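Residue numbers (the numbering used here): 716 to 842. Backbone N, C-alpha and C fix where the C-beta goes; we use that ideal spot for every residue, glycine too. Note that the structure is predicted; figures quoted are calculated from it, not measured. Below is one structure, written out as structure tokens, with a few remarks after it.
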């Protein structure tokens, strides 16, 4: 419930308030996109702390640059199942894998580790 409310507030800010203020963020992805990705992949408490740290560092005293959000995740990836890629998860170190072959499907389990989260934008927005 808190996660949904925070995501709604961030999306409302991005849609209505951000176009009026212009692009002011010193980081890529912007602070609001960073917050949205943090809330999607982490619990609300940790996402709030990371978002506040990001917003407080978005000023003239810090250089800015490229800083993707990171999250600790345990994944189960289903192999040979068509999907739409929305986010790329780049591991911070060499991952440990465990393959499972179940008669109905094959999936790959990745033990809990830290990933960098990179959003995959559709071609229409890259033009």
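Residues bridged to residue i (per DSSP)
| i | result |
| --- | --- |
| residue 832 | 804 |
| residue 780 | 742 |
Closest Cα partner of residue i within the set the options
| i | options | result |
| --- | --- | --- |
| residue 751 | 829, 807, 802 and 806 | 802 |
| residue 758 | 805, 770 and 720 | 720 |
| residue 727 | 738, 747, 737 and 716 | 747 |
| residue 775 | 832, 760 and 739 | 739 |
| residue 788 | 834, 737, 755 and 749 | 755 |
| residue 830 | 799, 722, 753 and 718 | 753 |
| residue 760 | 772, 737, 716 and 834 | 716 |
| residue 835 | 800, 805 and 806 | 800 |
Range covered by the alpha helix (DSSP H) that runs through residue i
| i | result |
| --- | --- |
| residue 737 | Where residue 737 is concerned, there is no enclosing alpha helix (DSSP H), given that its DSSP letter is neither H nor E. |
| residue 721 | 717-727 |
| residue 764 | 759-771 |
*Pairing CB atoms from the region 738-745 with CB atoms from the region 778-791, are three or more of them under 8 Å?*
yes
*Can you find at least 3 beta carbon pairs, one from the region 754-774 and one from the region 728-737, that sit closer than 8 Å?*
no
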